[in-house]
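The sequence shown begins at 214 in the working numbering and counts up by one.
So the structure is just underneath, and the comments pick up after that.
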Amino acid sequence: MKAVKHRYVSLAIFIAVFIIVIGFLQSGILRFVFFPSVPANSMKVTLQMPQGTSYQKTHEYALRIEQAALQVNEEYRKQWGKDVIAALEVEAKADNEARIMAELVSSTERDVTSVALANRWRQAIGELPGVKALSVDASAGFSGLPVNIELQSDDLDQLRLAADEIKLELLTFDGVFDVRDTFDAGGPEVDIRITREGQALGLGQAELARQVRQAFFGAEIQRLQRGRHEVRVYVRFPKEQRESLETLRSMWVQLPDGSKVPFDVVGTIVESTGVSTIKRINRHRVVNVQADVDKTRTSSSAVVNTIEQEVMEQVLARHPAVKYRLSGEAEEQEENTNSLLIGTLVMLILVYAALAIPLKSYAQPLIIMR
Numbered sequence: 214m215k216a217v218k219h220r221y222v223s224l225a226i227f228i229a230v231f232i233i234v235i236g237f238l239q240s241g242i243l244r245f246v247f248f249p250s251v252p253a254n255s256m257k258v259t260l261q262m263p264q265g266t267s268y269q270k271t272h273e274y275a276l277r278i279e280q281a282a283l284q285v286n287e288e289y290r291k292q293w294g295k296d297v298i299a300a301l302e303v304e305a306k307a308d309n310e311a312r313i314m315a316e317l318v319s320s321t322e323r324d325v326t327s328v329a330l331a332n333r334w335r336q337a338i339g340e341l342p343g344v345k346a347l348s349v350d351a352s353a354g355f356s357g358l359p360v361n362i363e364l365q366s367d368d369l370d371q372l373r374l375a376a377d378e379i380k381l382e383l384l385t386f387d388g389v390f391d392v393r394d395t396f397d398a399g400g401p402e403v404d405i406r407i408t409r410e411g412q413a414l415g416l417g418q419a420e421l422a423r424q425v426r427q428a429f430f431g432a433e434i435q436r437l438q439r440g441r442h443e444v445r446v447y448v449r450f451p452k453e454q455r456e457s458l459e460t461l462r463s464m465w466v467q468l469p470d471g472s473k474v475p476f477d478v479v480g481t482i483v484e485s486t487g488v489s490t491i492k493r494i495n496r497h498r499v500v501n502v503q504a505d506v507d508k509t510r511t512s513s514s515a516v517v518n519t520i521e522q523e524v525m526e527q528v529l530a531r532h533p534a535v536k537y538r539l540s541g542e543a544e545e546q547e548e549n550t551n552s553l554l555i556g557t558l559v560m561l562i563l564v565y566a567a568l569a570i571p572l573k574s575y576a577q578p579l580i581i582m583r
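If you want it as C-alpha cells, here you go:
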C-alpha cells in the first residue's frame, strides 16, 4: 500500500536503479556474457595446414601438440601429485588436417578447470610456422563461434584483403586468440592467356590450351589391344621437361595455317595460388573471419560491437565490393534476444490481465507490476 500511496517516489526509485544498472553494463563494470564458457571433461585441438602440405609435416605438428599435452600433464602431476589427462588421441582427417583430443579425469579429482588447462596447453604448443588454422576448445555444448564475421563478394582479391585487415584488427584485442579465416588456398597454378598477336594469327584460347595440355599431359595417338584390355598410347614431353616452366615458355605452338611460332609470341603465363574450396551463398563468394574469446577477460559481444562500429566502416570503404553479416554467437544472441523479448511481452500481458480482472482496474495492475 505504501508503494501505491507514494507511487511517484516508487517510480523514481525504479528509474534510478534501472539507469544505474544500465550504466554498469555500458561502462564494463558489470560484464554481460550471453554464452558463458562451460568447462567440459575433455579438450580438443583442431589443426589445419594449407592445401598441398605433406602428411609428414602435418603428422610432425600433431606429435608436437601431443607432446605439449603430455608436458602440461607432467606439470600438474608435479604440482598436485596426480594426472589431469586420462587419455590422448590423435586423429588425421586428411593429409593437411589433424585433431588431437585429450580426455580429462573427472572434475571431482582435479583442482583445475578444462578451460584453464586448455589455455596452458595453447601456451605449451607455442608458434607453429605455416599453420593455416589452430583452435583449442575445452567448452561443453555448442553455441557457435564467439567471433564469426561473414564476408561476401564476387571480387576474390578484395575479399582476401578485407579478411586479412579484419584479422589484423582482431589480433589487437586483449583476450582474443586463434584468429583465422575460411579462405582455403590451393596449390600454385599457371594461368595461360592468349596474346593479341596470337589472336591476330588466328589462334584461339581453346586451341592454345589444347596444345599445352597435349604437350604436358599427353596426346593419344593410338590404342593397342592386349588380351581383354585396351592400352592407350600417349605422346608428351619427357618427365624432366614437364617439371619446368621453361619448357612451356620455349615450346612451339602450331598455327591454323600449319606454321609454328614460339609460345611467348602467342601466349603469356601468369603464376598464382589457386582456391581448393569455394563457398557461395546467394551466388556470392563467402569467406568467414573467425576467432575465439577468453570470456574471463572480455566478451564476444564487446569485441564484435567494436569491430562493427570502428573497423568495418573503414574496411568496406577500402573494399566497396565487399558486404558483411554477423554470424556465430552474435547471430544466435540476436535470435535468442528477440525470442526473449517476445516471450517477456506475452508474459507481462498475461500478468497484467491476471491482476486487472480481480482488481477491476486498469491503473492498479501497472502500479503493482512496476
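Just so you know, even glycine gets a beta-carbon here, dropped at the ideal spot from N, CA and C.
Asked, Found
"Sheet register partners of residue 260 (DSSP bridge)", "311 and 347"
"Three or more C-beta pairs below 8 Å linking the segment 508 to 518 and the segment 444 to 458", "no"
"Residue 506 versus residue 264 - alpha carbon distance", "27 Å"
"Touching by the beta-carbon criterion (3+ pairs, under 8 Å), the segment 372 to 383 and the segment 492 to 502", "yes"
"Residue 476 burial status per 10 Å Cβ neighbour count (16 or more: buried)", "buried"
"Element boundaries [beta strand (DSSP E), containing residue 537]", "536 to 540"
"Cβ pair residue 408, residue 481 closer than 8 Å", "yes"
"Distance between residue 223 and residue 232 (C-alpha atoms, nearest Å)", "14 Å"
"Touching by the beta-carbon criterion (3+ pairs, under 8 Å), the segment 530 to 539 and the segment 563 to 582", "no"
"Near the ligand ZN: residue 347 beta-carbon under 7 Å from a heavy atom", "The ligand ZN is absent from the structure shown, which contains no ligands of any kind."
"Residue from 570, 278 and 537 whose Cα sits closest to the Cα of residue 349", "278"
"Distance, residue 365 Cα to residue 298 Cα", "42 Å"
"Spatial distance of residue 546 from residue 462 (CA atoms)", "56 Å"
"Every unbroken alpha helix (DSSP H) inside the segment 408 to 460 [4 residues or more]", "409 to 413, 418 to 429 and 452 to 455"
"8 Å CB neighbourhood of residue 324 in its chain, flanking five on each side removed", "293"
"Beta bridge counterpart(s) of residue 577 as assigned by DSSP", "Residue 577 is not bridged to any residue."
"Euclidean distance between Cα positions of residue 367 and residue 535", "8 Å"
"Cβ neighbour criterion (16 or more within 10 Å) applied to residue 383", "buried"
"Beta carbon of residue 466 nearer than 8 Å to that of residue 437", "no"
"Distance between residue 236 and residue 221 (C-alpha atoms, nearest Å)", "22 Å"
"CB-CB length for residue 310 against residue 260, believed under 8 Å", "7 Å"
"Reduced DSSP secondary structure (H/G/I, E/B, other) of residue 532", "coil"
"Continuous beta strand (DSSP E) stretch holding residue 363: start and end", "360 to 366"
"Residue 551 in three-state terms, based on DSSP", "helix"
"Spatial neighbours of residue 434 in its chain, beta-carbon cut-off 6 Å, leaving aside the 5 residues before and after", "446 and 448"
"Member of 410, 252, 338 and 360 whose CA lies at the smallest distance from the CA of residue 544", "360"
"Alpha-carbon to alpha-carbon, residue 228 and residue 538", "35 Å"
"Cβ neighbours of residue 341 in the same chain (closer than 6 Å, five flanking residues each side left out)", "274"
"Proximity winner among 451, 495 and 582, relative to residue 427 (alpha-carbon distances)", "451"
"Short Cβ contact (8 Å threshold) for residue 415 with residue 469", "yes"
"Cutoff 7 Å; reference residue 270; Cβ partners in own chain excluding five residues on either side", "262"
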